[in-house]
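Reviewing the structure listed below.
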Amino acid sequence: MSDTPNAPGYRKGPVLLRRGQVPATTTDQNLLARGESADWVHADPWRVMRIQSEFVEGFGALAEVGPAVSVFGSARTKPHEHEYRIGLEVGRGLVDAGYAVITGGGPGVMEAANRGASEAGGLSIGLGIELPFEQGMNHWVDLGVNFRYFFVRKTMFVKYAQGFVVLPGGFGTFDELFESITLVQTHKVTEFPI
Numbered sequence: 053m054s055d056t057p058n059a060p061g062y063r064k065g066p067v068l069l070r071r072g073q074v075p076a077t078t079t080d081q082n083l084l085a086r087g088e089s090a091d092w093v094h095a096d097p098w099r100v101m102r103i104q105s106e107f108v109e110g111f112g113a114l115a116e117v118g119p120a121v122s123v124f125g126s127a128r129t130k131p132h133e134h135e136y137r138i139g140l141e142v143g144r145g146l147v148d149a150g151y152a153v154i155t156g157g158g159p160g161v162m163e164a165a166n167r168g169a170s171e172a173g174g175l176s177i178g179l180g181i182e183l184p185f186e187q188g189m190n191h192w193v194d195l196g197v198n199f200r201y202f203f204v205r206k207t208m209f210v211k212y213a214q215g216f217v218v219l220p221g222g223f224g225t226f227d228e229l230f231e232s233i234t235l236v237q238t239h240k241v242t243e244f245p246i
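Position one of the sequence shown corresponds to residue 53 (the working numbering), numbered consecutively onward.
Right under this line is the structure:
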């Protein structure tokens, strides 16, 4: 992370942090931390309120989106790579078919799908997550919501999408794919193409 005043910064939920303000751990890491201290008894009841507020913010921001499809894929794909071009085509094609495009809002395939949607004149949505190594929303996102907790974010991907498109990616992409397959297999969601 650069110490220059114009450094991209670190996002913690809706808050931007730079230089000495960047925390050593993420909110999810703190939630899942194990320890012998009973201090969590005093913190976790308030954490529930933060989790609830993320659901409320997400539901409020996305309630009127209309038909949408979530696109998952690698954050590491570069614009000159074949998978990036596929992401562009998917984003454009979904808009041409009458859908908004929802991604994780990051770079790579997510950026490509958001860009394709935006260039085709459609709604381009990003659902960001607090991570220690990501820079934030790509510039093609029209409507962006940042989350601290993966499970809240994944709820939004499923609730506001009529289907998923899964392109090549890493562990995060696999996590999203397997969660969606599990939801279909257990009939938690129905009529949901992947």
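Positions of the beta carbon are idealized from the N, C-alpha and C atoms, including for glycine.
Subject >> lysine 130, DSSP secondary structure in three states >> reply: Taking the sequence shown and counting its residues from 1, the one referred to as residue 130 is at position 78. Lysine 130 falls in the coil class under three-state DSSP.
**OP:** Please classify leucine 179: does DSSP put it in a helix, a strand, or coil?
**Re:** Within the sequence shown, the letter at position 127 stands for residue 179. Leucine 179: strand per DSSP, three-state reduction.
Subject >> Residue closest to valine 161, alpha-carbon to alpha-carbon, out of Phe230, Ala85, Val217, Gln237 >> reply: As a first step, residue 161 is located in the sequence shown; it is residue number 109 there, counting from the start. When only C-alpha atoms are compared, the closest one is Val217.
Subject >> 8 Å contact criterion, which phenylalanine 124 and threonine 225 should meet: CB distance rounded >> reply: Here residue 124 refers to the residue found at position 72 of the sequence shown. Here residue 225 refers to the residue found at position 173 of the sequence shown. Sure, about 5 Å apart at Cβ, within 8 Å.
Subject >> Option in Met208, Ala213, Gly221, Arg200 with minimal Cα separation from leucine 66 >> reply: One-based indexing of the sequence shown puts residue 66 at position 14. Position check: residue 66 holds proline in this sequence, whereas leucine was assumed. Ranking the options by Cα distance to proline 66, first place goes to Arg200.
**OP:** Excluding the 5 residues preceding and the 5 following serine 54 in the sequence, name in chain order all residues of the same chain whose CB lies nearer than 6 Å to its CB.
**Re:** For the purposes of this step, residue 54 is taken as residue 2 along the sequence shown, with counting starting at 1. Per-residue confidence for serine 54 stands at a pLDDT of 44, beneath the threshold of 50, marking its modelled position as unreliable; the derived number appears in the next sentence. So the list is empty, once near-sequence residues are dropped.
**OP:** Starting from valine 121, follow the beta strand (DSSP E) in both directions and report where the run begins and ends.
**Re:** Position 69 of the sequence shown, counted from the first residue, corresponds to residue 121. Valine 121 -> beta strand (DSSP E) spans 120-124.
Original post:
To the nearest angstrom, how far is it from the Cα of leucine 195 to the Cα of lysine 211?
Top reply: Here residue 195 corresponds to residue number 143 of the sequence shown, with the count starting at 1. Here residue 211 corresponds to residue number 159 of the sequence shown, with the count starting at 1. Cα-Cα distance, rounded: 16 Å.
Original post:
Where do the ends of the beta strand (DSSP E) carrying isoleucine 154 lie?
Top reply: Here the question's residue 154 lines up with position 102 in the sequence shown. Start and end: 152-155.
Original post:
Helix, strand or coil for asparagine 82 per DSSP?
Top reply: Taking the sequence shown and counting its residues from 1, one reaches residue 82 at position 30. Of the three classes helix, strand and coil, the one that applies to asparagine 82 here is helix, per DSSP.
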